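Here the structure comes first, spelled out in C-alpha cells, and everything after it is commentary.
Number of protein chains: 2
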Amino acid sequence: MTLASPLQTKPLTDEELRKINAYWRAANYLSVGQIYLLDNPLLREPLKLEHVKPRLLGHWGTTPGLNFIYAHLNRVIKKYDLNTIYIAGPGHGGPGLVANTYLEGTYTKYYHNISQDAEGIQKLFKQFSFPGGIPSHVAPETPGSIHEGGELGYALVHAFGAAFDNPDLIVAAVVGDGEAETGALATSWHSNKFLNPVHDGAVLPILHLNGYKIANPTVLARISHEELESLFVGYGYKPYFVEGDDPADVHQQMAATLDIAIAQIQSIQREARVHGFTERPQWPMIVLRTPKGWTGPKEVDGKKTEGFWRSHQVPFGNISKQPEHLKLLEDWMKSYKPEELFDANGTLIPELAELAPKGHRRMGDNPHANGGLLLCDLKMPDFQKYAVDVLKPGQAIAEATQVAGKFLRDIMQLNQESRNFRILGPDETVSNRLGAVLEVTNRDWAAQILPEDDHLSPDGRVMEILSETNCQGWLEGYLLTGRHGFFSCYEAFIHIIDSMFNQHAKWLKTTRDIPWRKPIASLNYLLTSHVWRQDHNGFSHQDPGFIDHVVNKKAEIVRVYLPPDANTLLSVTDHCLRSRNYVNVIVAGKQPALQYLNMDAAIKHCTKGIGIWEWASNDQDGEPDVVMACAGDIPTLETLAAVDILRQHFPELKVRVVNVVDLMTLQPKSEHPHGLSEKDFDTIFTTDKHIIFAFHGYPWLIHRLTYRHTNHNQLHVRGYKEEGTTTTPFDMVVLNELDRFHLVMDVIDRVPKLGYRAAYVKQQLQDKLIEHKHYIERYGDDMPEIRDWKWPY
Amino acid sequence: MTLASPLQTKPLTDEELRKINAYWRAANYLSVGQIYLLDNPLLREPLKLEHVKPRLLGHWGTTPGLNFIYAHLNRVIKKYDLNTIYIAGPGHGGPGLVANTYLEGTYTKYYHNISQDAEGIQKLFKQFSFPGGIPSHVAPETPGSIHEGGELGYALVHAFGAAFDNPDLIVAAVVGDGEAETGALATSWHSNKFLNPVHDGAVLPILHLNGYKIANPTVLARISHEELESLFVGYGYKPYFVEGDDPADVHQQMAATLDIAIAQIQSIQREARVHGFTERPQWPMIVLRTPKGWTGPKEVDGKKTEGFWRSHQVPFGNISKQPEHLKLLEDWMKSYKPEELFDANGTLIPELAELAPKGHRRMGDNPHANGGLLLCDLKMPDFQKYAVDVLKPGQAIAEATQVAGKFLRDIMQLNQESRNFRILGPDETVSNRLGAVLEVTNRDWAAQILPEDDHLSPDGRVMEILSETNCQGWLEGYLLTGRHGFFSCYEAFIHIIDSMFNQHAKWLKTTRDIPWRKPIASLNYLLTSHVWRQDHNGFSHQDPGFIDHVVNKKAEIVRVYLPPDANTLLSVTDHCLRSRNYVNVIVAGKQPALQYLNMDAAIKHCTKGIGIWEWASNDQDGEPDVVMACAGDIPTLETLAAVDILRQHFPELKVRVVNVVDLMTLQPKSEHPHGLSEKDFDTIFTTDKHIIFAFHGYPWLIHRLTYRHTNHNQLHVRGYKEEGTTTTPFDMVVLNELDRFHLVMDVIDRVPKLGYRAAYVKQQLQDKLIEHKHYIERYGDDMPEIRDWKWPY
C-alpha cells in the first residue's frame, strides 16, 4: 500500500477488525446462499440435495470483493457521517448488493416479505435468479442502485453523472478490471476534468483488480505496478493500492486507505469551497487487488478456483451427480460460521447490525439512488415567447435549433440556482446552433484554461467532450439521481451509444413496475446535423437509423419527434423537458430553412402529432386524388415543392398534404399509446388513395409502423437509402430520390387520372434533373430556382 | 523533446531541412487549393472571385500537421527502406492525404485525368468536396487509405489490425487529440498487449496534439506534461515529445525523433526475432504538439485563428462579400511560394519529387492499403466432415457453435503457416463454445503470463479483450489489409459496435465502385449467447436488434443467416468464410439443442436459403390450411413443438412448415439479390393462407422485409418484444408469446375450419401455461415434458 500521509496503517482495533470481518462473512454467506440454496437457509440441518436449486445461475467471482468494499464503506459512512452511494460496475455480482442491502435493513423496508429472520433469508435465497424472483445482476429491483451492470463499462461515467451538482455526495464507483477494458470505461476516467469540487460531489473510483474475466486474465492485472500507477497518475488521480489475500491484513489496509481517501476528498472540497476553484485537484482512487472468488473453494475437482477465472460464475455445479460437490458447498458455506452471525431467529446479531449506517445514510436507502424522490420540476419559461413570426407558411427563413437554443438558454438561466439542468454534446453545442446557452453559462472545464479560451469555466453547465459515451453516461447518471438534461448530437454518431440507450430504456421499462422507484426526468436527445445536410462531411456522417433502433424498445418508453420547423421544435422541446420516464428523440435541422407554422398552428399540430395541412392542400371539397405525406424538415420542404409543381401542371388534381411530427402516431393504437385509431388513420390517409410519403429516415421504418393500417398497400415511401457523398444539399435528396421531382414522378406513375400531359411533364422533370446535375458539376452549388424556392401560394 | 539515446538532435543538413520544408509547403499549398480554388491553380494570375469555389467545404485545421508527418515519414521510408502505411485518424484532413499522394505520383497512377501538371492541379482542386468529385475526408477514394476517419476513434485500432501478422510493416497511426477522447480510442492504446514483435509488424502512434476540436480545447492538450507522459507510460509506451511552432526547429525535432523511434522499433524486432519473445517491449510513440491550422492565417477579422479552434474547418469564407478575404487567401497561398515548388508546366520540381519514396514504398501505393491485392483464399477443410449425424429430424442433440468450433479449429490449423486468419471475441470464445480452436492455437497475450494460465501465448491467434470496439477495429484493420477473420460475440452487446459496422459497410459500398480497390474478405459475425438463452444474465443481455440495424445498409453488402441447427451452421459458416466484400451476420445458439437436417439436407436448405420442410409438413397432397414459418433455432424448436400439438389435436389440419436460414430471401428480389421472386414467395407462403411466423428477433423486422409480398396481410409474426428477466429457457419464450402453446393458439384464432374442438383445445393450452408458471416457480426449472420434447414423427 502506498500511503501518502502519516495516518495509522492499522486503524482497526482487534475488536473492530473481528466485527468488520464478521459482517463481511455474513454478506458472503448470504451471497453464496442466493446462488445455491432453495431451503435450509441457515444450514441448521445437514445439507441435502433438495435444499439446492436445480439450476445454478449467478456470478460468484466478483461478489466477495463487492461485499468487502461495502462493509468498509459502511464503516467510513458511520465514522464521518458520509452521504454515499455505491455503484457496482461488476453488476453481475448482484448477490453481493442484495445481501448487503438485506443486512442493513433496506431490502426488508422495500420488500416486506423478505423479513429479517430465517424465513426471510429462505425467501431471499430462493428468489435470486429464480422464476418469478429477481434478476441475477444488480438491477432496478436492487435498492440503492442506479446501475444495472449487466452491460459493462459505465460504472465510472454514471458515478460522475451522479456527483455533478450534488456537493455533499460521495459516489463510490467500483470498476471491474474486466469492464476497465471497454472503450466507454477507458475514456470515462477523464471525467475528472469536468468535476468542480466547489459545487460537485466527489467520485471515489475503486478499481477492483481481481485479475480475471470469464476465461482470461485482465489487461490491467498483467501490467507492471509501475505502469498501472503511471496510468492512473496520467488519468489525473492519486492511486492507492490495497493488495493481498489475507483478510485481516487487507481489512487494515482498506480501512487505512479509505480514511486517507476520505480525508483527501474532504480536504480538496474544503479548500475549494473556502478559496474557490483554482486548479484541478488530484482526486484519490483505490486499486483493490484481491483474489477472484475470494473465500470461495480453493480448488474444485483438483482445479484452481479461488483467485482464478474458474470462480467467475458458479464455481461448481452438477451437485446431483457429484455428491462431493454437495459436501464442498456445505463446507464452504459453513466456513463463514453462520451460527455466529445470525441469532436463533435468523436475524443478524446486534453487534453486527449496528455496523451499518442508519436511515438514508444506508447506501441501499440513499434517496440519490432513487432519483425520482428528489426530482423537482424544471422552471420553464413560456416557449411561445420564442416563436418565429410566420405570417404566411413557407416564406420566412429560420434556423430551427438556433431558435430552440434561446429557449434552452432561458431554461438554463431560470434553473441556475437549483443547479439541476445540464446540456451535453460531443463538442457540438455551437455547431448544432445551440450557442445561445453560452450567453448565460459556460462550457464546463476543470482542466487548464488559457486566456484566449471561449466560454470555458469550471462552473459551466454545458458539457462537451468528444465522446458520445461520456455524454450519454453522464446524462444517465444525472437523470437517475433526479435531475434534468438535454443531449444534442450529430445524428449519425448517436449510434455510438446504441447499446447504452438499450440499457437505459430497459432500466426505465423495469422501474415502471417497481412501486418504490419514483419517475425520473426523460432522457432527451436532439439529433441534428442530420443526414440531409452533411455538406462538410459526406457519406460517413449520414445515418438516420437511430430512430429505427429506438422503436425496437418498449412502446411505453420511447417517443420520436420530427418537427418540420422552428415553432414545432419549440413546442416539442417544451413537451419533452416536462415529461417523465421516457426516452424522447427529436430530429431537427440546424440550417436556415423555410418556416411553415405560426405558434398557434404549431402547438395544435404538435398536440395532435400528425395532421392535414389544409393551407397546402386543395382537396377541401372532398376526397383527395393523392396524399402527399412527410416527416422531417427536408422531406417537408421537398413535399411542398412537389405540391407546387403538381399544382402548376395539374391544377385539377386534388392533393392532400399530411405532416407527421410524432412518428408514433403512425403505429396502431394497440401498439403505441400515441398511435392513431384505425378510423383516424383512415380519415387522414384515406382507405384507397395513393400515399407518397417523404420520410427523413430509412423508408422501411414507415412501412414497419403502418403495415397494419387499411391503406398500407397504397403507401409509397421515399427516404434515405444509403446514397450520399460530399455534395450540395439538393443533390443529396436527388441521390436518394426524395427530391421534389422524383416525388412528382411518383405521383405521375401512380395516379391514372393525370391524362395525356403526364408523360410530357415527366419528361420535363427528368430533363430538370439532368440540368441540375450539369449545373452543380459546373458551379458547385444548387440552381437558384431550387435553392431559393418558397411556397408561392 | 525527450531523447532516449545520444542520436544527433539536428539530423537534417540545411539542405535537407530546406527541401523537406519545401515539400511540406507544396502539400500545404495543394491542401488550401483544394479547399478554396476552382481555377487559377498556381496563382499565375491575380486571384479573382471566380477562381474561388462558391461553397467552401473541408477541414484545414488538422491538415498541415498531417502533411508535416507525411513528409517526415517519406524521409525515413527512403532512409531505412521502410514498408509503411499511414493511417490518418483525423481523417477530416482529406486534402492533406490527397495532396501527398498527388505529390508522390500515386494519385495520378490511379486517376489518370489528375495529371502532374497545372491542368491536373486544377482538376485536383476542383474535384475536392465538389459535386461529382471526391469527398472531403480521407475516404476509400484516397489511395493509401484503409481508414475513412469521418467517424473518429478508430485510427489506432485499425493500425494494430493492419500490423498483426505483417512483420515487415510499420503502421504510422496519426491519432487526433479530438478522437483521443473517444472511448474506442482510449482503450485501443492497450492493443500493445496483443502485439508480438516476432511475427507482427509495428505500430508507431503519433498523437497529433493540435489542441482543439470544433469549438473546444482537447483534454489531452490541457493536462500537464507530467500527466500526459505518465498516461502513455501507463499505456505501455515510451513517449517522445516533438513540440513547437517554428517549422525549422520542429523539422529537426521530428527528424531526430523518427530516427530514434525507427531505431527502437528495429531493435525491438531484431531482438525478438533472434531470441524469441520474452516480454512485452515498450514501443515508442510520438506526441507532436503543433498549432492547429499551422501556417494558416494568424488572425481573421481580428480573431485568433492559427493555433486555435477557429481554423478547424474553413478558416474564413464569405469571400464574395468581404474582398479582404480574397486578398487574405491569395497572400496565404502565396506564402507557400508555389513558384519555387512547381515548374512552368505545373509539375513538382525534381529535387522535391525525389524526396518521395518510389513504387510500392510510396504510402499511397503500398499494397497493404489495398488489401484485396494481397488477399489469398483461406485453405478450407470440407465442412461436411464435421456433420452431426441426423438419422431422423428432431432427435439428436448437439451444440451448434461447438460443432462449428471444430470446423474453425481446422481452418485455423490449415492456415497456421500463412498466418492470415484470426478469431476474435470479447472474452467469449470458450463461453460461445468455440473452444476447440484452442486445441491448435492459443489466446493472443503479450502481457504477463502466469504458470497457471490457460492457453495464453504471444503466438496465439484467438484475440480476446473485453472490448467489442477493439475486436471490431482489429478485425477491420486485418481484413482491410487482405486477411480473414471471424468475430463471435454475445448477441446483445454487438450493438456496442453499431456505429463501427456502419462505417465499415459504407466503406465496402463505396469501394465497389472504385476499380482499383480489390475485393477483401467479408466481415463475419457469429452472434450467439443470444436473446433466448440468457439464463445467467437476464434482461440486460437480451437484444436481437443488430440484424435490424444491419439491414438498413445497402442490400449488396449485408447478409443475415439464422441456421436452425449445427449442420446448417456449418454450411453457412463455410459460405461466409469464402465470400468477399460482405458483412455476414450469423445468429446461432450455443446450448444443447435438437438437430433437424442431415448434411445433405442442410446444404440444400442453405443453398436455397429458405424452404418447406416436407418431413414436418402434412400438406403434401395440396395447399396447406396454415403455414408455420420459423427463423432461428429456438423459434424452429417451438414451431415444431406447436406442429406436434396441432397434429395431436387436429390431425386433419394441413400444416406446412417453412424454415428460413437466409433472412434476405424474404425481401422482394428487387430489394435484395437474395430475395425470392414473387412467384417463389407465393409458392412457399401461398397467396391466401394464414402464416404464423416464429422469428428469432423483433417481429416487425419480418413485416418490414415482406410487406410488398402478396400474402403479407395474412402474416402474423411472433418474436422478441422486450419481455425478459433471469428465468428458465421456456419461460423466456412464454414471456414473449413465442412458445408452442401461443403458436397453436395463434392458429386456432385464425384458422376457422378447426371446428368445435378449437375452444376446448385453447382452454387446455391456457391451462398448460398456468401449470408451467406454477411448476417453474416451484421447481425453478422447466417441466420435463417441455424440456425434453423431441419431434415424435
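Protein chains in written order, with the working numbering: chain A, 15 to 807; chain B, 15 to 807.
By construction, the Cβ of each residue, glycine as well, lies at the ideal position given by its N, Cα and C atoms.
All figures in this text were calculated on a predicted structure; none of them were measured in a lab.
Strictly below 7 Å CB to CB, what residues from chain B border residue i?
i        : result
A:Trp714 : Arg718
A:Gly769 : None at all; the shortest Cβ gap to chain B is about 28 Å.
A:Thr740 : Leu71, Ser143, Pro149 and Ser150
Report the option in the options whose CA atom is closest to the CA atom of residue i.
i        : options                                   : result
A:Val314 : A:His289, A:Leu343, A:Val288 and A:Glu293 : A:Leu343
A:His106 : A:His786, A:Asp579, A:Val90 and A:His151  : A:His151
A:Thr271 : A:Ile479, A:Leu26 and A:Thr201            : A:Leu26
A:Tyr596 : A:Tyr610, A:Val586, A:Met642 and A:Ile534 : A:Ile534
A:Thr697 : A:Arg670, A:Ser502 and A:Met377           : A:Arg670
B:Asp7   : B:Asn598, B:Ser554 and B:Trp38            : No answer is possible for residue 7 of chain B: it lies beyond the span of chain B, which begins at 15 and ends at 807.
A:Ala708 : A:Thr741, A:Ser691 and A:Phe755           : A:Phe755
A:Pro743 : A:Asp781, A:His726, A:Asp549 and A:Leu752 : A:Asp549
B:Gly225 : A:Arg433, A:Tyr539, A:Leu480 and A:Lys227 : A:Leu480
A:Pro55  : A:Leu96, A:Lys93, A:Tyr121 and A:Gln136   : A:Gln136
B:Leu452 : B:Asp467, B:Gln283 and B:Pro211           : B:Asp467
A:Gly310 : A:Gln462, A:Gln327 and A:Val301           : A:Gln327
A:Val761 : A:Met746, A:Leu783, A:Lys787 and A:Arg732 : A:Arg732
A:Leu389 : A:Ala262, A:Arg594, A:Glu118 and A:Lys227 : A:Arg594
B:Leu199 : B:Gly175, B:Phe208, B:Ala169 and B:Ala187 : B:Ala169
Under the assumption that residue i contacts residue j (Cβ atoms under 8 Å), give the Cβ distance between them as a whole number of angstroms.
i        : j        : result
A:Tyr251 : A:Gln296 : 6 Å
A:Ala286 : A:Pro211 : 4 Å
A:Asn81  : A:Ala113 : 7 Å
Taking only the alpha-carbon atoms, compute the straight-line gap between residue i and residue j and give it to the nearest angstrom.
i        : j        : result
A:Leu138 : B:Glu791 : 14 Å
B:Arg592 : B:His704 : 38 Å
A:Leu428 : A:Leu387 : 22 Å
A:Gly794 : A:Gly190 : 53 Å
A:Leu651 : A:Val641 : 15 Å
B:Asn359 : B:Asp131 : 6 Å
B:Val46  : B:Thr361 : 17 Å
A:Phe330 : A:Gly559 : 44 Å
A:Leu366 : A:Gly373 : 16 Å
B:Ala773 : A:Ile83  : 58 Å
B:Leu17  : A:Ile508 : Here B:Leu17 scores only 44 on pLDDT, less than 50, and its place in the model is too uncertain to base an answer on.
Using a Cβ cut-off of 8 Å, pull out every chain B residue sitting near residue i, in sequence order please.
i        : result
A:Gln517 : Ser554
A:Thr483 : Thr196 and Gly197
A:Asp562 : Asp562, His563 and Asn566
Using a Cβ cut-off of 9 Å, pull out every chain B residue sitting near residue i, in sequence order please.
i        : result
A:Gln462 : Pro231, Ala235, Arg236, Ile237 and Ser238
message: Under 9 Å, CB to CB, which of the residues in the segment 238-249 of chain B have a partner in chain A?
response: Ser238, Glu240, Glu241, Leu242, Glu243, Ser244, Leu245, Phe246, Val247, Gly248 and Tyr249
message: Tell me which residues of the segment 784-798 of chain A have at least one Cβ-Cβ distance to chain B shorter than 7 Å, keeping chain order.
response: Ile790, Glu791, Tyr793, Gly794 and Asp795
- prompt: Just by C-beta distance, which residues in the segment 216-241 of chain B are closer than 7 Å to chain A?
  reply: Lys227, Ile228, Ala229, Asn230, Pro231, Val233, Arg236, Ile237 and Glu241
message: Please identify, using Cβ separations under 7 Å, the residues of the segment 538-560 of chain B that lie next to chain A, in order along the chain.
response: Asp549, His550, Asn551, Gly552, Phe553, Ser554, His555, Asp557 and Gly559
query: Can you list, in chain order, the residues of the segment 522-539 of chain B whose Cβ is nearer than 9 Å to any Cβ on chain A?
result: Lys523 and Thr524
query: Going along the chain, which residues of the segment 315-333 of chain B sit with their C-beta nearer than 7 Å to a C-beta in chain A?
result: Lys318, Phe322 and Gln327
- prompt: Which residues, in order along the segment 174-188 of chain B, keep a beta-carbon less than 8 Å from a beta-carbon of chain A?
  reply: none
Selection of the segment 479-510 of chain A by Cβ proximity to chain B, strictly under 7 Å: Ile479, Leu480, Ser481, Thr483, Phe507, His509 and Ile510
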